[in-house]
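Student: If you count by my numbering, then the sequence shown holds residues 87 to 548, one letter each, in order. This is the structure, below, for whatever I ask next.
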Amino acid sequence: MPEPTEPTAAAEAELLEQQMRDHLWPPFTQMQGVKPIVIERGQGAVVWDVHGNEYVDAFASLWTVNVGHGRREIFDAIAAQSQELACYHMFAGAANKPSIRLAAKIAEKLPGDLDHVFLTLGGGEAVETALKMARQYWRNQGKGSKYMCIYRDRSYHGTTFGVTSIQGLSVNRQKFEPLLPGFIKVGAPYCYRCAWGKEYGSCSIECAKAIEQEILFYGPENVGTIIGETMIGTGGVIPPPPEYWPLVREIADTYEQLVINDEVITGFGRAGAWFATEIFGSKPDLVTMAKGLSSGYLPLGATGASDKVYEAFLSAPLEMKQFMSGATYHGHPLCSAAGLANLEIIEREDLVQRCADLGPYMQEGLRTLLSHPIVGDVRGLGLVASIEYVQSKETREWFGATVGAAARVFAEALKRGVFVRLLGGGHVHAIAPPFVISKEQIDTVVRVLDESIGVVEKELGY
Ligand SMILES: Cc1ncc(COP(=O)(O)O)c(C=O)c1O
87 MPEPTEPTAA
97 AEAELLEQQM
107 RDHLWPPFTQ
117 MQGVKPIVIE
127 RGQGAVVWDV
137 HGNEYVDAFA
147 SLWTVNVGHG
157 RREIFDAIAA
167 QSQELACYHM
177 FAGAANKPSI
187 RLAAKIAEKL
197 PGDLDHVFLT
207 LGGGEAVETA
217 LKMARQYWRN
227 QGKGSKYMCI
237 YRDRSYHGTT
247 FGVTSIQGLS
257 VNRQKFEPLL
267 PGFIKVGAPY
277 CYRCAWGKEY
287 GSCSIECAKA
297 IEQEILFYGP
307 ENVGTIIGET
317 MIGTGGVIPP
327 PPEYWPLVRE
337 IADTYEQLVI
347 NDEVITGFGR
357 AGAWFATEIF
367 GSKPDLVTMA
377 KGLSSGYLPL
387 GATGASDKVY
397 EAFLSAPLEM
407 KQFMSGATYH
417 GHPLCSAAGL
427 ANLEIIERED
437 LVQRCADLGP
447 YMQEGLRTLL
457 SHPIVGDVRG
467 LGLVASIEYV
477 QSKETREWFG
487 ATVGAAARVF
497 AEALKRGVFV
507 RLLGGGHVHA
517 IAPPFVISKE
527 QIDTVVRVLD
537 ESIGVVEKEL
547 GY
């Protein structure tokens, strides 16, 4: 790991922090009382702030920088492309070389016949695109009444209005009501807190069957789409039981539904396969992706569609063939070049296999934290995991917001040089490091969390 360069001078660092407070309105951030952490540089799985403090980036920015920070190959690809063609649109037949090559590469990696790729600039846009494709798909079939869509509790798909309407975390939607009509929520496949009061092993996968009940309640002639993250991420990193997605597919086939799997976090290796659909036996009609597609070096997302969905546009009457959706920068040559260079690194360094190999080491390490009285559950897959904090292992009751146990552990871990992420309504830490993290760095993350949880437990009188 190279030594950090000289940190920004103290006065300049202070000025930056002041300017941030005065002028920059950051997303998902308390308006007052949050001390800015201005990140200056990164290398591999490590970042440094403007004061020269070093952190293990155990969340890869926002489960994004999968190939690690500081990849010269990606900077070079962006620079080379910018000299040839920095910007060109993709409307009405125009195209550019990197976006075509990227679409072909994504299609090669997507399972089954998900061979048709629509490029976006991020995850939320990819999901919006999938929702719109699904609506038009049914219209093109002469079944426009099937506009309703089922989503799940604890889901997160982005922040634009369409995807806010399929938000399963109430804090992310309540203040923006009324949202769009036509979306139906069902319980999540969340075994630790089963909405049906069941235990996995003696249940009948009620979480999947609830989808069938809603389709029947609203009528299959009105419901056309089921959307879910293959593995819930922001809602608390919640792997579904293995029966879940195959059963959802069966229900979808019975009642003529499209299935959209959101792979914005899990796409491109994090769960230990190119896509988590392969692990969980889901056979989606549409897949959404972002983050790991470019490892965040430039904004990039995509929606992959199956032959069936694509054909419904190709074979439609002339006025229905066109998908009237897209944005100025969709298929941007620089973003596509970054994506291609990123995927080449993942292939060349076999990083998907690395996630599969290193995943159990990380999961096992994190599971030792279960010895703490306030750690109720540790779960995950590959290089993505979560720790759920509870007042008591017996009752599984969460801490109140004023106690904020998980927030306190986060602060303690930060002091000790480890960045994790607080999510799942404030009761969960997620860990999703760059794929290049070393075993020693994983040990550091586990040790620091262990110490930090211990400090908070002591404060809380455990
Ligand atoms: C599963 C999932 N879908 C969609 C999104 C939205 O992606 P973006 O922030 O790029 O719009 C996220 C972001 O975290 C996500 O986790």
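Heads up, the beta-carbon is just placed ideally off N, CA and C, and yes, glycines get one too. Bear in mind that the values here come from a model prediction, so they are computed numbers and not experimental data.
Are residue 395 and residue 145 close, meaning C-beta to C-beta below 8 angstroms?
Tutor: By 1-based counting over the sequence shown, the position of residue 395 is 309. By 1-based counting over the sequence shown, the position of residue 145 is 59. Not a contact, by the Cβ cut-off of 8 angstroms.
Student: Assuming residue 161 is part of the alpha helix (DSSP H), what are its boundary residues?
Tutor: Counting from 1 along the sequence shown, the entry for residue 161 is found at position 75. Taken as a continuous stretch (DSSP letters only), the alpha helix (DSSP H) holding residue 161 covers 158-170.
Student: Express the C-alpha separation of residue 136 and residue 429 in angstroms, rounding to a whole number.
Tutor: Residue mapping note: residue 429 aligns to position 343 of the sequence shown, counting from 1. Residue mapping note: residue 136 aligns to position 50 of the sequence shown, counting from 1. Rounded to whole angstroms, residue 429 to residue 136 spans 30 angstroms at the Cα level.
Student: As an exercise, report each continuous alpha helix (DSSP H) stretch of at least 4 residues that is fully enclosed by the region 185-272, in chain order.
Tutor: For the region 185-272, whole alpha helix (DSSP H) runs of length 4 or above, ordered along the chain, are 209-226 and 247-250.
Student: Count the other C-beta atoms from every protein chain shown that fall within 10 angstroms of the C-beta of residue 98, then say buried if there are 16 or more, exposed otherwise.
Tutor: As a working note, residue 98 is residue 12 in the sequence shown. Residue 98 should be labelled exposed.
Student: Return yes when at least one heavy atom of ligand 1 lies under 7 angstroms from the C-beta of residue 350, else no.
Tutor: Here the question's residue 350 lines up with position 264 in the sequence shown. At least one heavy atom of ligand 1 is nearer than 7 angstroms to the Cβ of residue 350, so yes.
Student: Could you name the residues that DSSP lists as bridge partners for residue 448?
Tutor: The sequence position of residue 448 within the sequence shown is 362, counting from 1. Answer by DSSP bridge pairing: none, since residue 448 is not bridged.
Student: When we look at the beta-carbon of residue 354 and count the other beta-carbons within 10 Å, is it buried (16 or more) or exposed?
Tutor: Here residue 354 refers to the residue found at position 268 when the sequence shown is read from its first residue. The residue is buried, with at least 16 neighbouring Cβ atoms inside 10 Å.
Student: Give a single yes or no on whether residue 151 has its beta carbon closer than 7 angstroms to a heavy atom of ligand 1.
Tutor: To locate residue 151, count along the sequence shown from 1; it is residue 65. No.
Student: Tell me which residue opens and which closes the alpha helix (DSSP H) that residue 299 is part of.
Tutor: Locating residue 299 in the sequence shown gives position 213, counting from the first residue. Per DSSP, residue 299 belongs to the alpha helix (DSSP H) from 292-304.
Student: Taking all protein chains shown into account, do 16 or more other C-beta atoms lie within 10 angstroms of the C-beta of residue 134, making it buried, or fewer, making it exposed?
Tutor: For this step, residue 134 is matched to residue 48 along the sequence shown. Buried, because 16 or more other Cβ atoms sit within 10 Å of the Cβ of residue 134.
Student: Just mark residue 221 as buried or exposed, buried being the case when its beta carbon has 16 or more other beta carbons within 10 Å.
Tutor: As a first step, residue 221 is located in the sequence shown; it is residue number 135 there, counting from the start. The residue in question, residue 221, is buried, as its Cβ has 16 or more Cβ neighbours within 10 Å.
Student: Do you know whose CA, among 294, 391, 535 and 425, lies nearest residue 198's CA?
Tutor: Within the sequence shown, the letter at position 112 stands for residue 198. Ranking 294, 391, 535 and 425 by Cα distance to residue 198 puts 391 first.
Student: Kindly indicate which residue of 523, 225 and 206 has the alpha-carbon position closest to the one of residue 405.
Tutor: Here residue 405 corresponds to residue number 319 of the sequence shown, with the count starting at 1. With distances taken between Cα atoms, residue 405 lies closest to 225.
Student: Candidates 535, 515, 262 and 338: which alpha carbon is nearest residue 149's?
Tutor: On the sequence shown, residue 149 is found 63 positions in, with the first residue counted as 1. Cα-wise, what sits closest to residue 149 is 515.
Student: Which value, in whole angstroms, describes the spacing of the CA atoms of residue 252 and residue 533?
Tutor: Here residue 252 refers to the residue found at position 166 when the sequence shown is read from its first residue. Here residue 533 refers to the residue found at position 447 when the sequence shown is read from its first residue. Straight-line Cα distance between these residues: approximately 37 angstroms.
Student: Rounded to whole angstroms, what's the CA-CA distance from residue 357 to residue 468? Just pull it up for me.
Tutor: One-based indexing of the sequence shown puts residue 357 at position 271. One-based indexing of the sequence shown puts residue 468 at position 382. Whole-angstrom Cα-Cα distance: 4 angstroms.
Student: State the Cα-Cα distance for the pair residue 503 and residue 525, rounded to the nearest angstrom.
Tutor: Position 417 of the sequence shown holds residue 503. Position 439 of the sequence shown holds residue 525. Going from the Cα of residue 503 to the Cα of residue 525 covers about 16 angstroms.
Student: Short of 8 angstroms in beta carbon distance, which residues of its chain neighbour residue 528, apart from the five on each side in sequence? Order them along the chain.
Tutor: By one-based count along the sequence shown, residue 528 stands at place 442. Cβ within range, chain order: 444, 447, 448, 451 and 519.
Student: For residue 152 versus residue 521, is the C-beta distance shorter than 8 angstroms?
Tutor: One-based indexing of the sequence shown puts residue 152 at position 66. One-based indexing of the sequence shown puts residue 521 at position 435. Cβ distance < 8 angstroms, so residue 152 and residue 521 count as in contact.
Student: Going along the chain, which residues of its own chain have a beta-carbon closer than 7 angstroms to the beta-carbon of residue 267, five neighbours each way excluded?
Tutor: Residue mapping note: residue 267 aligns to position 181 of the sequence shown, counting from 1. Within the same chain, residue 267 has no close Cβ partners at all.
Student: Counting only runs of 4+ residues fully inside the region 346-415, write out the alpha helix (DSSP H) ranges in chain order.
Tutor: Within the region 346-415, the complete alpha helix (DSSP H) runs of at least 4 residues are 362-366, 393-400 and 404-407.
Student: Between residue 156 and residue 130, what straight-line distance do the alpha-carbon atoms span, to the nearest angstrom?
Tutor: For this step, residue 156 is matched to residue 70 along the sequence shown. For this step, residue 130 is matched to residue 44 along the sequence shown. In a straight line, the C-alpha of residue 156 is about 6 angstroms away from that of residue 130.
Student: Fully enclosed by the region 417-477, which beta strand (DSSP E) runs are 3 residues long or longer?
Tutor: Runs found: 461-467 and 470-475.
Student: Enumerate in chain order the residues of its own chain whose CB-to-CB distance from residue 296 is below 7 angstroms, with the five nearest sequence positions on each side excluded.
Tutor: Position 210 of the sequence shown, counted from the first residue, corresponds to residue 296. Cβ within range, chain order: 272 and 273.
Student: With DSSP as the reference, identify every bridge partner of residue 331, one or two as the case may be.
Tutor: Here residue 331 refers to the residue found at position 245 when the sequence shown is read from its first residue. The partner list for residue 331 (beta bridge, DSSP) is empty, contrary to what the question assumes.
Student: Pick out whichever of 426, 328, 463 and 124 has its Cα sitting closest to the Cα of residue 160.
Tutor: Position 74 of the sequence shown, counted from the first residue, corresponds to residue 160. Of the listed residues, the one whose Cα sits closest to residue 160 is 426.
Student: Apply the 10 Å Cβ neighbour rule to residue 366 and answer buried if 16 or more other Cβ atoms are within range, or exposed otherwise.
Tutor: For the purposes of this step, residue 366 is identified with residue 280 of the sequence shown, where counting begins at 1. So residue 366 ends up on the buried side.
Student: Of all the options 485, 523, 461 and 377, which has the alpha carbon lying nearest to the alpha carbon of residue 244?
Tutor: As a working mapping, residue 244 is identified with position 158 in the sequence shown. Per the Cα distances, 377.
Student: Helix, strand or coil for residue 131? Go by DSSP, reduced to three states.
Tutor: One-based indexing of the sequence shown puts residue 131 at position 45. In the structure shown, residue 131 sits in coil (DSSP, three-state: anything other than H, G, I, E or B).
Student: Is the closest heavy atom of ligand 1 to the C-beta of residue 243 under 7 angstroms?
Tutor: Mapped onto the sequence shown, residue 243 falls at position 157. True, at least one ligand heavy atom lies under 7 angstroms from that Cβ.
Student: Mind checking which residues open and close the alpha helix (DSSP H) that includes residue 315?
Tutor: Here residue 315 refers to the residue found at position 229 of the sequence shown. Not the alpha helix (DSSP H): residue 315 falls in the beta strand (DSSP E), residues 309-315.
Student: What does the alpha-carbon distance come out to for the pair residue 385 and residue 154?
Tutor: The residue labelled residue 385 in the question sits at position 299 within the sequence shown. The residue labelled residue 154 in the question sits at position 68 within the sequence shown. Spanning the two alpha carbons is a distance of roughly 16 angstroms.
Student: May I ask you to report which of helix, strand or coil DSSP gives residue 140?
Tutor: Here residue 140 is taken as the residue at index 54 of the sequence shown, counted from 1. Correct three-state label for residue 140: strand.
Student: Who are the near neighbours of residue 118 in its chain, counting only those whose CB is closer than 6 angstroms to its CB and skipping five residues on each side?
Tutor: Numbered from 1 along the sequence shown, position 32 holds the residue referred to as residue 118. There are no such residues.
Student: Going by C-alpha to C-alpha distance, which of 485, 389 and 479 sits closest to residue 192?
Tutor: Along the sequence shown, one-based indexing puts residue 192 at 106. The residue with the shortest Cα to Cα distance from residue 192 is 389.
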